[in-house]
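*Asks:* In my numbering, the protein residues as written are 17 to 454. The C-beta atom is built at its ideal place from N, Cα and C for all residues, glycine as well. Handing you this structure, nothing more for now.
The following block contains the structure:
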């Protein structure tokens, strides 16, 4: 295809334009739906990414750490001799089945499907029930990380693109989530969801109109060309970020919980998510509430700045109000360095946070207080710690302009507080290289 494009460019005397596959999915989606600045869930065979636009680039909030959603469905389908592609067949069978419990793997704004697929393959339940459990679990993971990005960035539009976006259940779940958050949701017509020539042609047209062309000498196929490497010169607006602004009191709503902020205490309640299967919803609420309270207390005993726990029920935690500034509004090198120190102490205590974003850190009296331990766990593994840092670095890359300076400040603070920092930072780099592009 690349050779043919070069030949046509020479023969016809027309410009050569290099189009990024992922960016083309996003641009045709924006054109087809009329959305201007959405959070994008890109779900295809090889990829699962959550993206948002900021200052001339699409930033990746989160992505799969192993295989893409479509490939995960196809892998399960092959193991049961179902026709290819597996997604439509699984969707049909799932409508005839009942939900069964399967592994749910969300790590901050990243997710992983391998364990889920393996458990589904090994299940002895009826095929229809396994398909239902597989689909409900995988899609709930995708919607959760999309909601996290939406809440963190303060945007008000969600766009679904990619071949898996044709699934009616995934569309329904995203639509319900957006309705509950007061956001708009759109999905392009089916013609523009899977890989298609129109998305390449349209994006190429827009690029040409803005003078973005490629010389023959510089042209090559780049299989690892990620969306966040592309300069989006045809969009002149900076893109909104944190439009919601910091809260000063009353009620605040994150992706996972509703927080009532009093003078001295905070009441954090995890409401039911209508988009999730009720059984899965109850399980996640109970597991996360209990784990959060336990690990906040454990971390505090180890010298990590955390809120004081006052009370706990099945879905609610009452804790000390941390009077300070949320880090995402004050991301200076000094404050990010304090965050590095806090995370270093946390890892030294054998705890990984699981959702290290700048929304979950509060700067107070020269310390960075860590909050929202809903995805936290105890683990001495270098891999888990590396993923923890990867989530934080992704947040910086997707929401700040001076990312390198901030990362350096974090690393300095982290290394000063945790003796095993070098090994963890090396592993974080390995995790980064696993990122899926296409």
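Would you kindly work out how many angstroms separate the C-alpha atoms of residue 71 and residue 326, rounded to a whole number?
*Replies:* The alpha-carbon atoms of residue 71 and residue 326 are separated by roughly 42 Å.
*Asks:* Within 9 Å of any Cβ in chain B, is that where the Cβ of residue 322 sits?
*Replies:* The chain inventory of the structure shown lacks chain B, comprising one protein chain alone.
*Asks:* Quick one: residues in its chain with C-beta nearer than 8 Å to the C-beta of residue 354, no 5 flanking neighbours on either side, listed in chain order?
*Replies:* Excluding sequence neighbours, residue 354 sits near 379, 382, 383, 384, 429.
*Asks:* So, are the CB atoms of residue 60 and residue 210 less than 9 Å apart?
*Replies:* Yes.
*Asks:* Going by DSSP, name the residue or residues bridged to residue 113.
*Replies:* For residue 113, which the question treats as bridged, DSSP gives no partner whatsoever.
*Asks:* For the stretch 48-124, which segments carrying the alpha helix (DSSP H) assignment without a break, of at least 4 residues, lie completely within its bounds, in sequence order?
*Replies:* Entirely contained in the stretch 48-124, the alpha helix (DSSP H) runs reaching 4 residues are, in chain order, 85-95, 102-110.
*Asks:* What does the Cβ neighbour count give for residue 261, buried or exposed, with the cut at 16 atoms within 10 Å?
*Replies:* With a pLDDT of only 44 at residue 261, under the threshold of 50, the placement of this residue in the model should not be trusted; the figure read from the coordinates follows. The residue in question, residue 261, is exposed, as its Cβ has fewer than 16 Cβ neighbours within 10 Å.
*Asks:* Can the beta-carbon of residue 290 be found closer than 9 Å to that of residue 196?
*Replies:* Taking 9 Å as the Cβ cut-off, residue 290 and residue 196 qualify as a contacting pair.
*Asks:* Just how far apart, CA to CA, sit residue 18 and residue 235?
*Replies:* Approximately 8 Å between the Cα atoms of the pair.
*Asks:* Looking only at DSSP bridge pairs, what is residue 347 linked to?
*Replies:* Beta-bridge pairing links residue 347 to no other residue.
*Asks:* Just the C-alpha distance for residue 131 and residue 24, rounded to the nearest angstrom, thanks.
*Replies:* Whole-angstrom Cα-Cα distance: 46 Å.
*Asks:* Hey, out of 169, 151, 129, whose CA is closest to residue 54's CA?
*Replies:* That would be 169, whose Cα lies nearest to the Cα of residue 54.
*Asks:* Once you ignore the five residues that flank residue 330 on each side, which residues in its own chain have a CB closer than 7 Å to its CB?
*Replies:* These residues qualify, in order along the chain: 302, 305.
*Asks:* Got a sec? Which residues, its chain only, sit under 8 Å from residue 69 by beta carbon, not counting five neighbours each side?
*Replies:* So the list reads 53, 75, 248, 251, 255, once near-sequence residues are dropped.
*Asks:* Note down, in chain order, each residue of its chain lying with its Cβ closer than 7 Å to the Cβ of residue 422, except the 5 sequence neighbours on either side.
*Replies:* The answer, listed in chain order, is 347, 349, 352, 412, 416.
*Asks:* Per DSSP, what kind of secondary structure is residue 136 in: helix, strand or coil?
*Replies:* Helix at residue 136.
*Asks:* Since residue 199 and residue 172 are thought to touch, with beta carbons under 8 Å apart, how far apart are those beta carbons, to the nearest angstrom?
*Replies:* Yes, they are in contact, since the Cβ atoms of residue 199 and residue 172 sit about 5 Å apart, within 8 Å.
*Asks:* Span of the alpha helix (DSSP H) holding residue 202?
*Replies:* From DSSP, residue 202 is part of no alpha helix (DSSP H) but of the beta strand (DSSP E) over 200-202.
*Asks:* Out of 88, 77, 41, point me to the one whose CA is closest to residue 62's CA.
*Replies:* Checking every option, the nearest Cα to that of residue 62 belongs to 88.
*Asks:* So, does the stretch 182-191 touch the stretch 93-112, judging by three or more C-beta pairs under 8 Å?
*Replies:* With a cut-off of 8 Å, the stretch 93-112 and the stretch 182-191 count as touching, because enough Cβ pairs lie within range.
*Asks:* Quick check on DSSP: helix, strand or coil for residue 42?
*Replies:* It is helical.
*Asks:* In or out: residue 205 buried (at least 16 other Cβ within 10 Å) or exposed?
*Replies:* Counting Cβ neighbours within 10 Å, residue 205 comes out exposed, since fewer than 16 surround it.
*Asks:* Secondary structure at residue 427, three-state DSSP: helix, strand or coil?
*Replies:* Here residue 427 sits in helix by DSSP.
*Asks:* Could you check the C-alpha separation between residue 339 and residue 237 for me, to the nearest Å?
*Replies:* Approximately 52 Å between the Cα atoms of the pair.
*Asks:* Return the residue from the list 270, 279, 278 that minimises the CA-CA distance to residue 286.
*Replies:* Taking only the C-alpha atoms, the option nearest residue 286 is 270.
*Asks:* Is residue 377 helix, strand or coil by DSSP?
*Replies:* Of the three classes helix, strand and coil, the one that applies to residue 377 here is strand, per DSSP.
*Asks:* Along the chain, where does the beta strand (DSSP E) containing residue 327 start, and where does it finish?
*Replies:* Counting along the chain, the beta strand (DSSP E) containing residue 327 begins and ends at 325-328.
*Asks:* Do you know whose CA, among 332, 20, 79, 36, lies nearest residue 281's CA?
*Replies:* Out of 332, 20, 79, 36, 332 has the C-alpha closest to the C-alpha of residue 281.
*Asks:* If residue 440 sits next to residue 405, beta carbons under 8 Å apart, how far is it from one beta carbon to the other, in whole angstroms?
*Replies:* Between residue 405 and residue 440 the Cβ distance is about 6 Å, and since that is below 8 Å, they are a contact.
*Asks:* Starting from residue 438, trace the alpha helix (DSSP H) both ways and give me its first and last residue.
*Replies:* Counting along the chain, the alpha helix (DSSP H) containing residue 438 begins and ends at 437-449.
*Asks:* Quick one: residues in its chain with C-beta nearer than 6 Å to the C-beta of residue 263, no 5 flanking neighbours on either side, listed in chain order?
*Replies:* Caution is warranted here: a pLDDT of 48 is assigned to residue 263, below 50, making its placement in the model unreliable, and the coordinate value is therefore given only provisionally. The answer is none, since no qualifying residue turns up.
*Asks:* Rounded to a whole number of angstroms, what is the C-alpha to C-alpha distance between residue 375 and residue 160?
*Replies:* The alpha-carbon atoms of residue 375 and residue 160 are separated by roughly 16 Å.
*Asks:* Tell me which residues share the same chain as residue 94 and place their Cβ nearer than 8 Å to its Cβ, disregarding the 5 neighbours each side in the sequence.
*Replies:* Excluding sequence neighbours, residue 94 sits near 100, 102.
*Asks:* Determine, using beta-carbon pairs with one atom in the stretch 214-230 and one in the stretch 33-44, whether at least three such pairs fall under 8 Å.
*Replies:* Short answer: they touch.
*Asks:* CB-CB under 8 Å to residue 443, same chain, minus the five flanking residues each way: which ones, in chain order?
*Replies:* Closer than 8 Å at Cβ, skipping near neighbours: 398, 399, 401, 402.
*Asks:* Helix, strand or coil for residue 284 per DSSP?
*Replies:* Strand, per DSSP.
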